[in-house]
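Residue numbers for the sequence shown follow the UniProt record's numbering, beginning at 1 and rising by one.
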Amino acid sequence: MCSERFQVVGEAETGTDALRICREQEPDLLLMDIQIPKPDGITVAETLLEELPSLRVLALSAKLDSVTVFRLLKSGVHGFVSKFSDQLDTVMIAVEAIYNGEPYFSDAFDQVKAEIKKDPLAYYKILSNKELELLPLFSKGLDDSTVSGMINLSAKTVRWHRRNIMKKLEIHASTDLMRYGITHGFWDPNPS
1 MCSERFQVVG EAETGTDALR ICREQEPDLL LMDIQIPKPD GITVAETLLE
51 ELPSLRVLAL SAKLDSVTVF RLLKSGVHGF VSKFSDQLDT VMIAVEAIYN
101 GEPYFSDAFD QVKAEIKKDP LAYYKILSNK ELELLPLFSK GLDDSTVSGM
151 INLSAKTVRW HRRNIMKKLE IHASTDLMRY GITHGFWDPN PS
């Protein structure tokens, strides 16, 4: 059994804990629940993959939508399996593949990926990387000065990005931008 080949070096309740443990232990492989809080698992994976280039990451989640797929692809994770996979063997097969340097993405992941590639007006095709970074903050209803303080941009630059996003998405009010962000998974006002 492949589980005998691996040693668990830590478990984390938050993204901050996961960052600390991985920085201390420098594991070969990370199984990351992307819905872990403070910061979320995708942010943790991005950070660790920059800091620990040899780290392999298998993302786990109950949530699978176009935003999640897009963020996972951008993050550089090596695989994805649903937390509710009906077979433990699927997770172990994914772990083995990723540990051996091969990507492993579930069929459901590949299906969502194919669907979003078909949409010529998908947000990731029309918004810049900076706009995609800001959209989750705008989705929370944060004002320009608050966002400015969070990401080291002037309030004027943040306002300019907000207007650009709204123009590109053909949205005319900040409340509609919030609604768009929530509907498309950029922010969940009721996390489980």
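Quick reminder that beta carbons are idealized off the backbone N, C-alpha and C, glycines included.
> By a C-beta neighbour count over all protein chains shown, 10 Å radius and 16 as the cutoff for buried, is residue 154 buried or exposed?
Replying inline: In the sequence shown, counting from the first residue as 1, residue 154 sits at position 154. The residue is exposed, with fewer than 16 neighbouring Cβ atoms inside 10 Å.
> In angstroms, rounded to a whole number, what distance separates the CA positions of residue 89 and residue 119?
Replying inline: Along the sequence shown, read from residue 1 onward, the residue named residue 89 stands at position 89. Along the sequence shown, read from residue 1 onward, the residue named residue 119 stands at position 119. Using only the alpha carbons, I get a separation of about 33 Å.
> Is it true that the stretch 30 to 38 meets the stretch 99 to 119, where meeting means three or more beta-carbon pairs spaced less than 8 Å apart?
Replying inline: no
>> Report the CB separation of residue 69 from residue 113 in whole angstroms; it is logged as a contact under 8 Å.
In response: One-based indexing of the sequence shown puts residue 69 at position 69. One-based indexing of the sequence shown puts residue 113 at position 113. Sure, about 5 Å apart at Cβ, within 8 Å.
> In angstroms, rounded to a whole number, what distance separates the CA positions of residue 60 and residue 150?
Replying inline: For the purposes of this step, residue 60 is identified with residue 60 of the sequence shown, where counting begins at 1. For the purposes of this step, residue 150 is identified with residue 150 of the sequence shown, where counting begins at 1. About 28 Å.
>> So, for residue 14: in the same chain, excluding its five sequence neighbours on each side, which residues have a beta-carbon less than 8 Å away from its beta-carbon?
In response: For the purposes of this step, residue 14 is taken as the residue at position 14 of the sequence shown. Cβ neighbours of residue 14 beyond the five flanking positions: 36, 37 and 38.
> Of all Cβ atoms in chain D, is any one closer than 9 Å to the Cβ of residue 15?
Replying inline: Among the protein chains of the structure shown there is no chain D, as only one such chain exists.
> Roughly how many angstroms lie between the CA atoms of residue 81 and residue 26, to the nearest whole one?
Replying inline: Along the sequence shown, one-based indexing puts residue 81 at 81. Along the sequence shown, one-based indexing puts residue 26 at 26. If I take the Cα positions, the gap works out to 22 Å.
>> Tell me the rounded alpha-carbon separation between residue 65 and residue 110.
In response: The residue labelled residue 65 in the question sits at position 65 within the sequence shown. The residue labelled residue 110 in the question sits at position 110 within the sequence shown. Roughly 11 Å between the two C-alpha positions.
>> Quick check on residue 40: does DSSP put it in helix, strand or coil?
In response: Numbered from 1 along the sequence shown, position 40 holds the residue referred to as residue 40. Three-state DSSP puts residue 40 in coil, outside helix and strand.
> Roughly how far, in whole angstroms, is the beta-carbon of residue 162 from the beta-carbon of residue 144, given that I think they are within contact range, below 8 Å?
Replying inline: Position 162 of the sequence shown, counting from 1, holds the residue named residue 162. Position 144 of the sequence shown, counting from 1, holds the residue named residue 144. Yes, residue 162 and residue 144 are in contact; Cβ-Cβ is about 7 Å, under 8 Å.
> Can you list, in chain order, the residues of its chain whose CB lies under 7 Å from that of residue 7, leaving out five sequence neighbours each side?
Replying inline: Along the sequence shown, read from residue 1 onward, the residue named residue 7 stands at position 7. Excluding sequence neighbours, residue 7 sits near nothing in its chain.
>> For residue 49 and residue 78, I'd like the C-alpha separation in whole angstroms.
In response: For the purposes of this step, residue 49 is taken as the residue at position 49 of the sequence shown. For the purposes of this step, residue 78 is taken as the residue at position 78 of the sequence shown. Those two C-alpha atoms are separated by around 10 Å.
> So which of 56, 24, 67 and 16 has the shortest CA-CA distance to residue 44?
Replying inline: The sequence position of residue 44 within the sequence shown is 44, counting from 1. It is 16 whose Cα lies nearest to the Cα of residue 44.
>> Please return the same chain residues whose Cβ sits closer than 6 Å to the Cβ of residue 94, not counting the five positions on each side in sequence.
In response: The residue you call residue 94 lines up with position 94 of the sequence shown. Here the set comprises 58, 79, 81 and 104.
> Taking just the CA atoms, how far does residue 83 sit from residue 62?
Replying inline: On the sequence shown, position 62 is the one that residue 62 refers to. On the sequence shown, position 83 is the one that residue 83 refers to. Residue 62 and residue 83: Cα-Cα distance of roughly 5 Å.
> Would you call residue 1 buried or exposed, if buried means 16 or more other Cβ atoms sit within 10 Å of its Cβ?
Replying inline: Indexing the sequence shown from 1 puts residue 1 at position 1. Only weak support exists for where residue 1 lies, its pLDDT of 39 falling under 50; the coordinates are left without a value.
>> Is residue 18 near the ligand SAM - that is, is its Cβ less than 8 Å away from at least one heavy atom of it?
In response: Of the ligands one can find in the structure shown there are none, so the ligand SAM has no counterpart to examine.
> In the stretch 89 to 157, which residue ranges form an unbroken beta strand (DSSP E) of at least 3 residues, counting only runs that do not cross its ends?
Replying inline: none
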